[in-house]
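There are 2 protein chains.
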Amino acid sequence: MKLSTRTRYGLRAIIELAENGREAPLQIKAIARSQEISVKYLEQLMTILRSAGFVRSIRGSKGGYMLARSPNQIKLSDVFDCLEGHVTTVECVEDTKFCERAEDCVARQVWAQVQKAIKDVLQSITLQDLVDRAKDKKMSNYQI
Amino acid sequence: MKLSTRTRYGLRAIIELAENGREAPLQIKAIARSQEISVKYLEQLMTILRSAGFVRSIRGSKGGYMLARSPNQIKLSDVFDCLEGHVTTVECVEDTKFCERAEDCVARQVWAQVQKAIKDVLQSITLQDLVDRAKDKKMSNYQI
DNA sequence: TGTATAATCTACCAACATAGTAGGAATTGT
DNA sequence: ACAATTCCTACTATGTTGGTAGATTATACA
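As they're listed, the protein sequences go chains P and E.
Going by our numbering, 3 is the number at position 2 of the first sequence; the sequence numbering is gapless.
Going by our numbering, 112 is the number at position 111 of the second sequence; the sequence numbering is gapless.
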């Protein structure tokens, strides 16, 4: 149960966009450099995030990407679903019809518990929360 | 973030072994039939569970598999680790040295939270718990 | 002692997902 | 016009998953 780089890089990228605010766009090149991700690969990830409506792009010179919505309206569970492709451990957890034993299956119960635990965490965090956390970290580093 | 069949089938198999008790062995063929898993594939899974010390095998005629330990001493987190290969969302969560930004990384914090949530659930459940749950289900089906 | 029944071991394989790379076209600011 | 960007299409290497196949070894039982 490892996360794909798609999800890991994607999250880091959108966090950086959130930190950058919604005044000026941030270029793929800049994000790729600071996050040490291949420009070409990051392009794909941004396309995913864009079609899901989390970020918007500005083409051409001085273009780049910005959050499409306010960071406190973007929950990590949404971003995760879009990148990783839905938080589902097993299909039968979502859809009982998937397996005829589903109703009585204790294994299914376990995966349902796990899935809920993951979802609960991710639903409780917004991008704004992460921006705030990052700020706190920086402040404590400078020992203010 | 989907579970592999290795983990799903493996868990179902070991649950069935737990339900079967530790008096008589259960054959791969029998488990494969009731769980609708390929015999040959299940062989592999049992090998994994055996080398991890969860089950022991009896070779030859009338042989089969049994739990190697008492079902209340086997936590799902252990079984999961053995089948899925450790509950780790990202390497840096376990080992800070993995990424130099790890200390300050808010993304890492998120994955650490998620990972802990998963672990907490799996550590809180033993095979005995599942045997009990299954019994309860059967009883309620018969409307006792 | 022979035979059936099991686990065990070794090897192979097809299909799919992942994690990219490459090159060019379209768009926009200066 | 030109440079800086995003956008689009296509390709690819590698690893993982989910198996299959066949021979070998161990054991119970008659």
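Just so you know, even glycine gets a beta-carbon here, dropped at the ideal spot from N, CA and C.
Is there a Cβ from chain E that is less than 7 Å from the Cβ of residue i?
| i | result |
| --- | --- |
| R13/P | yes |
| A19/P | no |
| D105/P | yes |
| V122/P | yes |
| T127/P | no |
| A108/P | yes |
| E85/P | yes |
| V115/P | yes |
| V91/P | yes |
Among the options, which residue has its Cα nearest to the Cα of residue i?
| i | options | result |
| --- | --- | --- |
| E24/P | R134/P, I15/P, L84/P and Y66/P | Y66/P |
| S58/E | L18/E, I75/E, V111/E and K41/E | L18/E |
| R146/P | M47/E, S125/E and C106/E | What the structure shows of chain P is the stretch from 2 to 145, and residue 146/P is not part of that stretch, so it cannot be assessed. |
| S78/P | K117/P, S35/P and L27/P | K117/P |
| V132/E | T6/E, E20/E and L4/E | E20/E |
| T6/E | S71/E, L84/E and V80/E | L84/E |
| K136/E | V91/E, I16/E and L46/E | I16/E |
| K63/E | Q28/E, K138/E and S35/E | Q28/E |
| Q124/P | L50/P, I32/P, A33/P and F81/P | F81/P |
Does the beta carbon of residue i sit closer than 7 Å to a beta carbon anywhere in chain P?
| i | result |
| --- | --- |
| R134/E | yes |
| K138/E | yes |
| I119/E | yes |
| M2/E | yes |
| E24/E | no |
| A50/E | At residue 50/E the sequence reads Leu, which differs from the Ala that was named. Not closer than 7 Å to any Cβ of chain P, the Cβ of L50/E fails to qualify, so no. |
| L131/E | yes |
Go ahead and label residue i buried or exposed: buried means 16 or more other beta carbons lie within 10 angstroms of its beta carbon, across all protein chains shown.
| i | result |
| --- | --- |
| T1/E | No information on residue 1/E is available, as it lies outside the stretch 2 to 145 that chain E covers here. |
| V40/E | exposed |
| F99/E | exposed |
| R13/P | buried |
| M140/P | exposed |
| Y143/E | exposed |
| Y42/P | exposed |
| R60/P | exposed |
| R9/P | buried |
Which residues share a DSSP beta bridge with residue i?
| i | result |
| --- | --- |
| M67/P | R57/P |
| S127/P | One detail in the question is off: residue 127/P reads as Thr in this sequence, not Ser. In DSSP, T127/P forms a bridge with K76/P. |
| L27/E | Y66/E |
Using a Cβ-based criterion (distance less than 6 Å to any ligand heavy atom), does residue i qualify as near the ligand COA?
| i | result |
| --- | --- |
| V122/P | Ligands are entirely absent from the displayed structure, and the ligand COA is therefore not among its contents. |
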